[in-house]
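Undergrad: Please find one structure pasted underneath; my questions will follow.
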Amino acid sequence: MESHHDIRPIFHVAPQAGWVNDPNGPFMYKGKYHLFYQHLPEGCEWKFGLVWGHAVSSDLVQWHHLPHALEPSPGTLDADGCFSGCATVDTDGRPVILYTGVRLRTNAAAIPLPPADRDLQLPFIESQIAAVPVDPDDANLVAWSKDPTPFLDLPPPDMELTGWRDPFVLERPSADNGGEWVVLIGSGLKGQGGTCLVYRTADLRTPSAWRYDGLLCNGNGETGAVWECPLVAELEPLPVGARGAPARALGLGGRARSGRLASEDGPGGEFSGGGGGGGGFGGGGFGGGGGGGSGGGAAVVGGLKAGLSRQLQSLSLSPAAAADEQQQQQPKPLGAGCHEPACSASAACCHQQHSQQHQQQQQQERRRRRHFYTISPDACTNATLYWLGDYCGGRFDLDGAVGPFRLDLGDVLYAPNVMADDKGRTLLWSWYQEKRTVGAYDYAGCMGVPRLLYIDPETDRLWQVPVPELDRLRSGESWRASELPLAPHAPLPLPSVGGAHLDVSLTLRRGSGRAVGVMLQSSDLANGGGAAVVYHWDTQLLEVVFEALDPSSMQFSIAAPGARHVGGQICARPGEPLELRLLLDGSVLEVFTGSGEVLATRVYRGAAGRTAAGGGDGAAGAADGGAGIEFFSLDGDATLARVEAYEMASIWAAQEAAARAAAEAAYAAAEAAAPPAAVAAAGAAAAAAAGMPTALALDLAAAIHKAQSAAASRAASRAASRIASRVGSVAASLGGAAAAAGAGAGGGGDGAAALALVAERLSSLALGGGGGGAAAASGPLSPPRVIAGGGDAWANDAEALPPEEEMCADIFLLEGVS
């Protein structure tokens, strides 16, 4: 399998390889953010056997992978998976994980089936289990121990439930609730709809102390048969001055000027020089080439207008009629009664004609609706829904709440989770699915960037913004401009910045045009993959339009019949500028609006590079290495009142640096003919830093040592030592290191071959589902001997390499994955 670095996210939390879904148990402990997640390290498709992956950060900026927190235990209640749950800190100060363990009915090694009156007749049996850290003094909470007895072994009898999973701590013990914990568990009532069970206990870890306390609320068939991952959070009011600009409201750091970024967040970089650019879609989509991209951009404007004629014609309709048309274009999420747009009380946003008495009544209602209740109905193919209403005493007033609404306007978010941090903020984490097949990829899924949740007291709406800590990841090239005209046939390319990992904030002011947008060009003209973010001024419809194959031209285009549309209405105020912040991280696209909505989706446009500032010949569009981003206006002009664009750094940079240092220490120990124990210790340090099995870290040390012995220059050795910097794609990085070592030795040599052997070993382990220490020890190639001296101490199986292994580095380079 391949890592596909051109579209792999680098500033969204994800494991190094394998499948990921629900975020679990986010919480703070000893000043660190802990995030757990559902993970399958041995494959890229969902199946039973889920573990809890674990990552930790002290600042939401730099993250570190940690060993799995929970894994299934054969013959027990979680023999076939550790499903979703939460984490909290007990009254004694000790962290506790509450999660759902599952065992298949067909698992003969597991414990017996439940009695008939408490058996939900699902393919798996669900139990609620607690776990605590082995060492509470460890701020990283690396090791966890499961309680031997579940705190809830079975659901209540004779309730005809459709599920019983995903515990969430709603209340801690206090004088208001009788000194008890209040915990929710997602469920549903057969023939009625989703629901949420309430439990109370004075002691989280004493099973006999738990009691069932009725239903939080229950829905109907329109909102799903089972409510997964339910949660309730009381929201703080939107801070004063935060309304309107998703970037500036967060304390947008750094000002760019021609030549260099002036910012407190990073050193910035020189802008690129050189010529124009802007190639991209072919055929009816984007045309190729120079002159600042205007030639290609003009081609797409005509095609876009034709392909979106139905949308443009609908601009004369009422907002409600336009919304109905949009609903017909895409599958309706569960919850046929779900109001549009995906923000609550849209009428209050768009129609302010109320009497003073009515406004006072609304304000009183808004003061009550401070609680956010969200559920993920049935399956990840459905939209996550939420309500805003009143919670009290273990009950949520669903009848008096506003909603349900879609939590996200896109098509990838599911199973969110929330936490409160030490700054008093409510953070929402979520799972972003892939929209592609597995193919040759070695990973699937990631977490969304953490969002801050507020309630807007003026409009009684949910407000979501990215955490301001993301600003600190801005790195490398940047560009800033203001008051740029957008003519209807002259899209404006984004210059200077490049790559697939960008943060772009913009303000668009309406002129005579009927729609504006941002083109995201594909680097693969033959297979599509591009898209456009489009906003329709009259209907407040924000959508992403994806390329499709145009049968008339056999070219991919966003103007093709059948192009896919994802989005919904936002609560932008008529006559006011449009504020957007686009976070592009490989295939992940998140669009945050100035009115508090978010649209998250996937755009598989491939690798992207840099478009030079200044236009002219020689610059590149997405297909030639440019940023592949253009701003446009349809059916008239508009003004790009403000734009700021930044390249983004990896959230794993600190761990990668530690891995490099540890690998070099392992090499130094080997070079100094240190005792095997010293080399093993250095290898173990490399393993811990890089999050890889110790045996593989020792392979890296051996490969680096061999490369140093064979290479003609110190530079080749340094290149080899950097293999540990690519934590998520060790094999691919080894291919590049092998080539570097070979070049340093005059085009060949044992150093390159040794590195190639390790690369092959790692690739074989990945294909075979390896990843843990046991898998490494039993991989298709036997592990090498530990180096304890000079170059001849490399493993026996590396002494005489067959020609195909010597060619391994060249193969990696040809495949473009180094």
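Residue 1 is where the sequence shown starts when you use full-length UniProt numbering, and the numbers rise one by one after that. Heads up, the beta-carbon is just placed ideally off N, CA and C, and yes, glycines get one too. Every value quoted in this text rests on a predicted model; they were computed, and no experiment measured them.
1. With a cut-off of 8 Å, do at least 3 Cβ pairs link the region 647-661 to the region 494-507?
2. Classify glutamine 121: buried if its beta carbon has 16 or more other beta carbons within 10 angstroms, exposed otherwise.
3. Measuring straight from C-alpha to C-alpha, what distance separates alanine 233 and aspartate 635?
4. Assign asparagine 21 to one of two classes, buried (16 or more other C-beta atoms within 10 Å of its C-beta) or exposed (fewer than that).
5. Using a Cβ-Cβ cutoff of less than 7 Å, which residues in the same chain neighbour arginine 509 once the five nearest sequence positions on both sides are dropped?
6. Where do the ends of the beta strand (DSSP E) carrying asparagine 527 lie?
7. Looking at the structure shown, is leucine 470 part of a helix, part of a strand, or coil, going by DSSP?
8. Where does alanine 487 sit, in a helix, a strand or coil, going by DSSP?
9. Rounded to whole angstroms, what's the CA-CA distance from proline 70 to tryptophan 52? Just pull it up for me.
10. So who's on the other strand from cysteine 446, going by DSSP bridges?
11. With DSSP collapsed to three states, give me the class of proline 114.
12. Less than 7 Å separating the beta-carbons of alanine 600 and aspartate 408?
13. Helix, strand or coil, according to DSSP, for proline 416 in the structure here?
14. May I ask you to list the residues that DSSP assigns as paired with arginine 451?
15. Under the three-state reduction of DSSP, which class applies to alanine 740: helix, strand or coil?
16. I'd like to know whether the C-beta atoms of phenylalanine 83 and threonine 100 end up nearer to each other than 7 Å.
17. What does a CB cutoff of less than 6 Å around arginine 8 pick up in its chain, not counting 5 residues either side in sequence?
18. If you draw a straight line from the alpha carbon of threonine 201 to that of phenylalanine 396, how long is it in whole angstroms?
19. If contact is defined by three or more beta carbon pairs under 8 Å, each pair taking one atom from either stretch, is the region 149-162 in contact with the region 187-203?
20. Considering cysteine 86, what are the terminal residues of the beta strand (DSSP E) in which it resides?
21. Roughly how many whole angstroms lie between the Cα atoms of glycine 445 and tyrosine 432?
22. Would you check if there are 3 or more beta carbon pairs closer than 8 Å linking the region 453-460 to the region 470-485?
23. Please name the residue in Ala532, Leu541, His536 whose C-alpha comes closest to that of alanine 548.
24. How many Å lie between glycine 219 and glutamine 192 at the Cα?
25. Let me know the secondary structure DSSP gives threonine 106 once reduced to three states.
26. According to the neighbour-count rule (16 or more other Cβ atoms, all chains shown, within 10 Å of its Cβ), is proline 123 buried or exposed?
27. Identify every residue that forms a DSSP beta bridge with methionine 28.
28. Can you give me the C-alpha to C-alpha distance between glutamine 464 and glutamate 579, rounded to a whole angstrom?
29. Look up serine 187 in the DSSP assignment and say whether it is helix, strand or coil.
30. Could you spell out the range, first to last residue, of the beta strand (DSSP E) harbouring methionine 519?
31. Excluding the 5 residues flanking serine 58 on each side, which residues of the same chain have their C-beta closer than 8 Å to its C-beta?
32. Select from Gly186, Gly25, Ala481 the residue whose C-alpha is nearest the C-alpha of alanine 225.
33. Helix, strand or coil: which one does DSSP assign to serine 316?
34. Starting from proline 133, trace the beta strand (DSSP E) both ways and give me its first and last residue.
35. What residue range does the beta strand (DSSP E) around tryptophan 164 cover?
36. What residues in its chain sit with their C-beta under 8 Å from that of aspartate 422, if we drop five residues either side in the sequence?
TA: In short, the structure shows the following:
1. Counting C-beta pairs with one atom in each stretch, the region 647-661 and the region 494-507 have three or more that are closer than 8 Å, which means they touch.
2. Residue mapping note: residue 121 aligns to position 121 of the sequence shown, counting from 1. Glutamine 121 comes out exposed.
3. Your numbering for residue 233 matches position 233 in the sequence shown. Your numbering for residue 635 matches position 635 in the sequence shown. Taking the straight line joining both Cα atoms gives about 44 Å.
4. As a first step, residue 21 is located in the sequence shown; it is residue number 21 there, counting from the start. Classification for asparagine 21: buried.
5. On the sequence shown, residue 509 is found 509 positions in, with the first residue counted as 1. Only Pro577, Ala638, Thr639, Ala641 meet the Cβ criterion.
6. The residue labelled residue 527 in the question sits at position 527 within the sequence shown. Counting along the chain, asparagine 527 falls outside any beta strand (DSSP E), and DSSP gives it neither H nor E.
7. In the sequence shown, the residue the question calls residue 470 occupies position 470. Residue state, collapsed to three classes: helix.
8. Residue numbering aside, residue 487 sits at position 487 when the sequence shown is read from its first letter. DSSP places alanine 487 in strand when its eight states are reduced to three.
9. Locating residue 70 in the sequence shown gives position 70, where the first residue counts as 1. Locating residue 52 in the sequence shown gives position 52, where the first residue counts as 1. Note that residue 70 is leucine in the sequence shown, not proline. Spanning the two alpha carbons is a distance of roughly 5 Å.
10. Working through the sequence shown from its first residue, we reach residue 446 at position 446. Tyr432, per the DSSP bridge assignment.
11. Along the sequence shown, one-based indexing puts residue 114 at 114. Coil at proline 114, not helix or strand.
12. For the purposes of this step, residue 600 is taken as residue 600 along the sequence shown, with counting starting at 1. For the purposes of this step, residue 408 is taken as residue 408 along the sequence shown, with counting starting at 1. It is a contact, given that the beta carbons lie within the stated cut-off.
13. Indexing the sequence shown from 1 puts residue 416 at position 416. It is a strand residue.
14. As a working mapping, residue 451 is identified with position 451 in the sequence shown. Beta-bridge pairing links arginine 451 to Leu428, Pro466.
15. By 1-based counting over the sequence shown, the position of residue 740 is 740. The predicted position of alanine 740 is uncertain, since its pLDDT is 45 and thus under 50; no value can be drawn from it.
16. In the sequence shown, residue 83 corresponds to position 83, counting from 1. In the sequence shown, residue 100 corresponds to position 100, counting from 1. Contact flag set, yes.
17. Here residue 8 refers to the residue found at position 8 when the sequence shown is read from its first residue. Here the set comprises Gly586.
18. If you number the sequence shown from 1, residue 201 lands on position 201. If you number the sequence shown from 1, residue 396 lands on position 396. Cα to Cα, the separation comes out at about 19 Å.
19. yes
20. Residue numbering aside, residue 86 sits at position 86 when the sequence shown is read from its first letter. That run of the beta strand (DSSP E) goes 82-89.
21. On the sequence shown, position 445 is the one that residue 445 refers to. On the sequence shown, position 432 is the one that residue 432 refers to. For glycine 445 and tyrosine 432, the distance between alpha carbons rounds to 6 Å.
22. At 8 Å Cβ cutoff, the stretches do not touch.
23. In the sequence shown, residue 548 corresponds to position 548, counting from 1. For the residues Ala532, Leu541, His536, the minimum Cα distance to alanine 548 belongs to Ala532.
24. Walking along the sequence shown from the start, residue 219 turns up at place 219. Walking along the sequence shown from the start, residue 192 turns up at place 192. Roughly 7 Å between the two C-alpha positions.
25. Along the sequence shown, one-based indexing puts residue 106 at 106. Note: threonine 106 maps to coil in three-state DSSP.
26. Start at 1 with the first residue of the sequence shown, and residue 123 comes out as number 123. So proline 123 counts as exposed.
27. Counting from one through the sequence shown, the residue named residue 28 turns up at place 28. Paired residues: Tyr33.
28. Counting from 1 along the sequence shown, the entry for residue 464 is found at position 464. Counting from 1 along the sequence shown, the entry for residue 579 is found at position 579. Their backbone Cα atoms lie some 14 Å apart in a straight line.
29. What you label residue 187 is simply residue 187 of the sequence shown in a count that begins at 1. Looking at serine 187 - three-state DSSP - the assignment turns out to be strand.
30. Counted from its first residue, the sequence shown places residue 519 at position 519. Here the beta strand (DSSP E) through methionine 519 covers 515-520.
31. Taking the first residue of the sequence shown as 1, we reach residue 58 at position 58. Contacts found: Gly31, Lys32, Tyr33.
32. Position 225 of the sequence shown, counted from the start, is the residue given in the question as residue 225. Comparing Cα positions, the closest option is Gly186.
33. The count along the sequence shown starts at 1 and reaches residue 316 at position 316. In this prediction, serine 316 scores a pLDDT of 28, lower than 50, which makes its location untrustworthy; the coordinate-derived value is nonetheless stated afterwards. If DSSP states are grouped into helix, strand and coil, serine 316 belongs with the helices.
34. As a working mapping, residue 133 is identified with position 133 in the sequence shown. Proline 133 -> beta strand (DSSP E) spans 124-133.
35. The residue given as residue 164 occupies position 164 in the sequence shown. Segment 161-171, the beta strand (DSSP E) holding tryptophan 164.
36. Numbered from 1 along the sequence shown, position 422 holds the residue referred to as residue 422. Counting only Cβ-Cβ distances below 8 Å, and skipping sequence neighbours, we find Met28, Gly31.
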